[in-house]
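Protein chains in written order, with the working numbering: chain A, 39 to 820; chain B, 345 to 428; chain C, 345 to 428; chain D, 353 to 613. No residue lacks a Cβ here, since even glycine has one placed at the ideal position from N, Cα and C.
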Amino acid sequence: MKEGLIRKVPGVSVVEIDLSRAEDKDLSEISQTMGLALSLREMKALKEHYSRPLTDVEIQTFGQTWSEHCIHKTFKGIVEVEGGRRINGLLKEYIMKATKELNKPWCYSVFEDNAGLIEFDQDYLVAAKVETHNHPSAVEPFGGAATGVGGVIRDILGVWGEPIANIDVLCFGPLDLPYETLPHGLKHPKYIYKGVIAGIGSYGNNMGIPTVSGAIFFDSGYVGNPVVYCGCVGILPKGFYVKDTKEGDYAVLAGGRTGRDGIHGVTFASTDLMEDTDRLRPAVQIPNPLVEERLRRAIITIRDRRLASGITDLGGGGISCATGEMANRSGLGIEVSLDVVHLKEPDLAPWEIWISESQERMLLSVPERNLGDVLEVFEDEDVEACVLGRFNGSRRLRVYHRGLVVCDLDLEFLYSPPRAIRKASHVEYVPTPCALPEPKDLAEELLRILSDPNIRSKEDVIRTYDHEVRGCTAIKPLQGDLSGPNDAAIIKPLRDSWMGVVISCGITPFYPDPYWMAAASIEEAIRNNTSVGGRRIALLDNFVWGNPEREDRMGSLVRAAEACYDFSKALDAPFISGKDSLYNESPLGPVRPTLLITGIGIIPDVRKAVTVELKEEGDPLYVLGVTRNELAGSIYLKSKGLNGGECPKVNAKISKDTTQSLIKAMDSGLVAACHDVSEGGIGVAAAEMVMAANLGLSIDLRNVPSDVNRSDVLLFSESTSRFLVEVKRDCVREFEEILQGVPHCKVGVVGGNSFRIFGLDGSTWEVGISELRHAWRGVDGP
Amino acid sequence: MVRVEVKLKKGHFDPEGDVTTKSLRDLGFPVSGVRVSKVYTVELEVNDKERAMSLAREMCRKLLANPTKDDFFIEVLAGEGGVN
Amino acid sequence: MVRVEVKLKKGHFDPEGDVTTKSLRDLGFPVSGVRVSKVYTVELEVNDKERAMSLAREMCRKLLANPTKDDFFIEVLAGEGGVN
Amino acid sequence: MDLSRAKACIARVGGTNCDLEMKVALENLGLTAEVLHMKQILKRGLSEYQLFVLPGGFSYGDYVRAGAIWGKEVHSKIKSELEAFIDEEKLVMGVCNGFQVMIEAGILPNGELVEVPKAALANNMSAKYECRWVYLRVERGGTPFTGDLETGEILKIPVGHGEGRFIPASEDFLKELIEEGCVLFRYSMPSGEAAEGRYPYNPNGSVYDIAGICNRKGNVMGMMPHPERAFFGWQLPEERNVPYGDGKRIFQGIIKYLQKY
Ligand SMILES: Nc1ncnc2c1ncn2[C@@H]1O[C@H](COP(=O)(O)OP(=O)(O)O)[C@@H](O)[C@H]1O
Ligand SMILES: [Mg+2]
């Protein structure tokens with residue numbers, strides 16, 4: 039590097055860097071050695087703007103604020119698609135656009151604050167947010183996953199929400215991966231799996247927030263990049279959502295102490311995970327749910343007493359981003375002193391305090407008259423708090439350390455980073471015929487699929503999460519003593535209302551066409567929600583993709599985002615929040631592109647919710663929706679190691695009509711049980727209904743609405759928009775009436791003590807319930 | 345038999361140690377700090393000290409410790425079923 | 345400084361140890377059993393070895409161990425802030 | 353006493369997290385229930401209350417051992433206050449973490465706050481947290497907490513804990529507990545026969561399938577399962593169209609007792 043670019047400021051641990059004299063290669067080197075993850079273009083923008091030297095505190099501020107994590111460079115940037123088309127931001131052009139056009143009056147605050155807010159009823163709001171914590175979990179599975187949960191809980195607190203439920207969706211490499219094949223520096227999927235699950239359970243359980251919804255997938259595409267989604271749902275009285283920081287208000291920092299943990303977490307999440315994971319030391323965070331539990335109490339008290347004017351969590355970028363964002367969104371400036379921050383260790387440099395991502399911290403803005411009360415509330419709950427600074431009208435971010443100004447930045451400039459430009463190119467998925475001879479014994483196939491790691495019961499994980507704490511869980515992830523897999527969870531958040539919040543997931547990472555994969559995920563989230571009786575569904579999107587600077591990764595991302603717009607609109611379900619995690623690359627290549635869609639619905643009366651298990655001998659079973667020969671990415675093919683086939687597509691009209699009719703039938707009290715048909719097709723869905731009830735069923739594949747001429751395809755295809763519905767015996771006529779115009783057919787009858795399948799050619803197969811259960815759960819009893 | 349002690353690395357904050365410190369002080373003990381670590385006493389089916397040591401190291405690497413945040417200390421003990 | 349090791353009494357089940365045993369065996373290690381214990385490294389504000397020992401014993405009785413299931417072992421260590 | 357004058361104190365410290373549902377259950381039956389931080393209890397004392405509840409959660413992060421730190425705090429700070437409370441035949445109830453606290457504070461199984469606990473709640477045999485519904489057999493009806501129940505009745509109530517395996521200090525002591533009617537609830541099969549350690553009916557491996565115990569008089573009770581999570585019909589895992597669940601029966605016992613108190 040050129041001589042004299044960097045100068046130590048006497049008396050304090052601050053250095054000054056003179057970018058104005060730096061050459062391109064110096065700029066890149068500075069970005070590298072300071073761990074900024076800023077591109078040359080961004081470094082040059084800094085150089086151009088500042089003729090004076092910048093302190094390390096200031097440069098780090100840019101590194102944080104302009105990071106992928108904090109400002110969603112890729113999703114807000116410009117995308118140049120092959121053929122000259124330019125997309126003016128994926129968020130704006132697709133995700134937010136759908137919401138804007140749907141224009142739902144019940145969307146209260148979307149894409150703005152730490153979490154999306156929708157109306158629950160007249161007086162209450164529901165807050166929802168889902169985040170990823172992939173990189174930290176790959177390095178330190180327990181702490182990474184636990185702090186992921188802790189972080190998303192703070193997003194809910196950050197909109198004054200009382201957390202009422204957690205969500206976790208996890209993707210790992212195969213647990214039986216031979217150790218020898220694991221590249222150096224990566225951790226074995228089993229180690230990651232165990233740690234992540236323990237971490238999620240530990241944090242949620244400790245906080246007393248039920249973990250009620252989620253999914254687990256296994257695939258070799260996740261060996262180098264495990265995926266950990268953590269979500270949280272909260273509730274708050276509408277009038278208590280305050281976001282009104284004023285000049286003269288104090289900035290109060292509360293919660294855990296600030297240390298070196300998690301420094302550069304943001305930039306860490308914005309670069310490839312290419313290095314030996316064990317060497318990325320400072321980035322691991324030690325979870326401390328006990329502190330967050332007390333913090334939660336204090337914040338809800340402060341909310342209820344209306345003592346503060348604003349709140350935000352400290353996530354990526356630590357104090358630097360929280361203070362900057364709060365000042366900026368309120369059109370203000372702020373002065374901050376680093377000397378008052380409670381530290382874990384004494385010798386932190388100012389820039390470290392400034393950007394540390396120590397967990398369990400929140401920032402509040404407090405009017406002068408309430409400052410004493412706020413500090414008292416924190417003290418009562420044994421939460422450390424300090425008055426970090428004060429908001430003013432300067433529009434500047436000014437930071438003091440030992441009497442010296444170590445950072446003085448113009449917020450306008452700080453929050454108008456150069457827009458990223460990404461290039462995208464995409465090769466469409468062309469279905470190849472899959473050469474799969476029709477197997478003779480479908481019973482055997484079914485048992486094999488039921489025991490596939492992706493299908494198997496996840497009970498041994500789910501029961502390590504407390505899903506009953508708070509006493510508000512009306513529909514649990516597992517149904518009854520026999521642990522049937524319910525499609526969605528329902529929380530009854532208010533004491534004197536029967537209404538429930540319905541929480542569901544949709545995720546179909548194995549479908550090879552990114553557009554239809556996204557469509558299927560959206561449709562699945564809605565379908566799962568509908569299965570238990572949810573309606574008026576809001577969506578959250580969470581993209582986990584590879585390096586967006588590579589055109590192919592970007593290409594598939596664009597296709598998936600397009601589907602988000604198309605199907606959010608067509609299915610009448612707005613996005614309210616979301617997040618993207620890009621740069622998921624490892625020595626084994628990019629992560630399998632994975633989109634999680636979370637569905638948040640409501641149900642007017644939790645007592646009317648529908649569950650998965652068959653109820654009554656003699657009831658008819660219906661299939662709703664059309665089964666097509668769509669095997670691409672299905673568990674049926676995947677479990678045989680085969681590719682090809684058509685990708686499941688979504689017919690929005692059929693889907694919408696079906697869910698609407700089904701809800702109507704449920705509200706009329708005609709439906710005894712319902713299950714959505716997804717991975718493993720009708721075969722697995724029906725088997726799950728049987729196992730959950732310990733009650734047999736026969737189905738006749740000849741009656742399944744379809745144009746398919748193979749029994750195995752009928753049984754295992756993963757076509758979308760389908761449900762299995764047990765209709766109360768004496769309600770058949772009424773049900774048929776409501777279902778008019780929607781593809782449906784009676785295919786079976788509940789009864790007996792086995793699962794019987796009648797094939798197209800008249801062959802029949804029969805499997806005992808206990809055989810099913812052994813395959814799916816490994817045990818027979820509860 | 346080997347004894348493996350797994351400890352949070354220096355510099356990492358130990359929430360359990362912190363809470364334990366407070367509780368002990370509260371109970372009147374003159375304590376200024378506590379660190380908590382875990383000890384695995386592992387019975388190995390091998391009789392060779394060297395081999396026991398290298399196995400233990402391997403166990404730490406693969407399961408018992410995470411070098412990102414933990415230090416580990418191994419001690420090979422004599423004893424039944426262990427090294428003689 | 346004192347080191348207090350809290351260990352399950354002999355004959356008591358150690359579920360965590362059993363799970364660890366199984367995991368290690370699954371990974372191919374020739375392990376026949378694991379017991380897990382906890383070590384508290386306590387910095388005491390006293391300089392007298394005897395007193396440190398008796399305080400540690402008291403801490404075990406009052407907090408660190410539950411005699412129904414735990415044994416404890418105390419070692420007084422030299423070191424900063426501890427016994428010289 | 354007149355129920356409108358009876359009051360419950362639900363205690364909490366950092367990490368307690370099942371206090372609100374406890375309050376909801378008690379209030380539903382017409383009791384006034386206040387959630388008080390230990391700090392407030394130290395200031396206000398317990399004299400105005402007839403029911404003292406140690407609810408579930410992860411007090412102090414459950415560090416050292418579940419319930420240990422709070423247990424020792426209770427022992428060192430409100431021992432005499434609580435002993436007087438028990439002597440006056442008021443009610444003390446611990447659920448889950450609260451039960452762990454009672455064991456660690458020596459409140460149970462002895463009924464007085466001894467320094468060295470005579471039992472332990474060790475980690476589950478599965479070495480995992482277990483959240484599931486279990487069947488409980490009422491071993492002794494007619495106590496203050498089981499006044500609404502008969503011996504031999506089966507209740508369905510969920511557990512959620514990682515350390516719930518009851519271990520008595522000795523065989524003899526276990527015998528004593530049984531003989532003196534201190535074993536209140538045992539994990540059982542749905543049919544009512546003893547679980548005899550069978551997982552998952554006995555979810556944690558408790559000795560003698562013990563799920564909850566009380567003192568001789570029966571006015572001090574601790575249990576691992578959460579009756580407040582099985583209070584309303586809609587909380588139940590299967591039939592949800594009933595107004596209440598089995599957990600309510602335990603609270604009803606409390607109400608009955610307090611009305612007579
Ligand atoms: N990919 C995305 N899709 C939809 N909404 C997004 C996406 N990325 C960010 N948002 C929205 O932008 C807002 C700010 O998000 P974020 O920066 O993640 O907040 P935080 O830093 O608190 O986690 C949130 O409301 C979030 O839902
Ligand atoms: Mg946030």
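Buried or exposed by the 16-neighbour rule on C-beta atoms within 10 Å, applied to residue i
i, result
"D/Met353", "exposed"
"A/Asp504", "buried"
"C/Gly355", "exposed"
"B/Met345", "buried"
"D/Glu502", "exposed"
"C/Phe417", "exposed"
"D/Gln615", "With chain D covering only 353 through 613, there is no way to say anything about residue 615 of chain D."
"A/Ile476", "The residue you asked about is not Ile; residue 476 of chain A is Glu in the sequence shown. The residue is exposed, with fewer than 16 neighbouring Cβ atoms inside 10 Å."
"D/Thr498", "buried"
Beta carbon proximity, residue i to chain C, threshold 7 Å
i, result
"B/Lys406", "yes"
"D/Ala474", "yes"
"B/Glu389", "yes"
"D/Pro468", "It is Val, not Pro, that sits at residue 468 of chain D in the sequence shown. Chain C, which has a Cβ nearer than 7 Å to the Cβ of D/Val468, makes this yes."
"B/Met345", "no"
Simplified DSSP state of residue i, which is helix, strand or coil
i, result
"A/Ala813", "helix"
"A/Val751", "helix"
"A/Gly800", "coil"
"A/Gln517", "strand"
"D/Thr495", "coil"
"A/Ala166", "strand"
"A/Arg335", "helix"
"D/His578", "coil"
"B/Ala400", "helix"
"C/Val363", "helix"
7 Å Cβ cutoff, residue i in contact with chain D
i, result
"B/Lys354", "no"
"A/His222", "no"
Within-7 Å CB hit, residue i to chain B
i, result
"C/Val348", "no"
"D/Ile459", "no"
"A/Lys228", "no"
"A/Val322", "yes"
"D/Ser432", "no"
Chain A residues whose Cβ lies nearer than 9 Å to that of residue i
i, result
"D/Glu464", "Within 9 Å Cβ-Cβ: nothing; D/Glu464 doesn't reach chain A, min ~30 Å."
Beta-carbon neighbours of residue i, restricted to chain D and to distances below 9 Å
i, result
"A/Thr339", "Neighbours of A/Thr339 on chain D: none; closest Cβ ~11 Å, over 9 Å."
Residue i: contacting residues in chain B (beta-carbon distance under 9 Å)
i, result
"D/Gly413", "Pro359, Glu360, Val363"
"C/Leu399", "Phe373, Pro374, Val375"
Residue-chain proximity (residue i, chain A), Cβ-Cβ < 7 Å
i, result
"D/Arg581", "yes"
"D/Asn369", "yes"
Under 7 Å from the C-beta of residue i: neighbouring residues of chain B
i, result
"D/Ser522", "Ordered by position in chain B, no residue passes the 7 Å Cβ test against D/Ser522, which lies about 25 Å from the chain."
Against chain C: residues of the stretch 356–385 of chain B by CB proximity under 7 Å:
Thr364, Ser367, Leu368, Leu371, Phe373, Pro374, Val375, Ser376, Gly377, Val378, Arg379, Val380, Ser381, Lys382, Val383, Tyr384, Thr385
Please list, in chain order, the residues of the stretch 502–518 of chain D that have any C-beta partner in chain A closer than 7 Å.
Answer set for the stretch 502–518 of chain D: Pro510, Gly512.
Along the stretch 476–504 of chain D, what residues have a CB closer than 8 Å to any CB found in chain C?
Asn476, Met477, Ser478, Ala479
If contact means a Cβ-Cβ distance below 7 Å, which residues of the stretch 407–418 of chain C contact chain D?
Leu407, Leu408, Asn410, Pro411, Thr412, Lys413
May I ask you to list, following chain order, the residues of the stretch 402–426 of chain D that have a beta carbon less than 8 Å from some beta carbon of chain C?
Val416, Arg417, Ala420, Ile421, Lys424
Using a Cβ-Cβ cut-off of less than 8 Å, give me the residues of the stretch 593–613 of chain D that come near chain A, in sequence order.
Those would be Asn593, in chain order.
May I ask you to list, following chain order, the residues of the stretch 560–574 of chain D that have a beta carbon less than 8 Å from some beta carbon of chain C?
Cβ contacts with chain C come from no residue of the stretch 560–574 of chain D.
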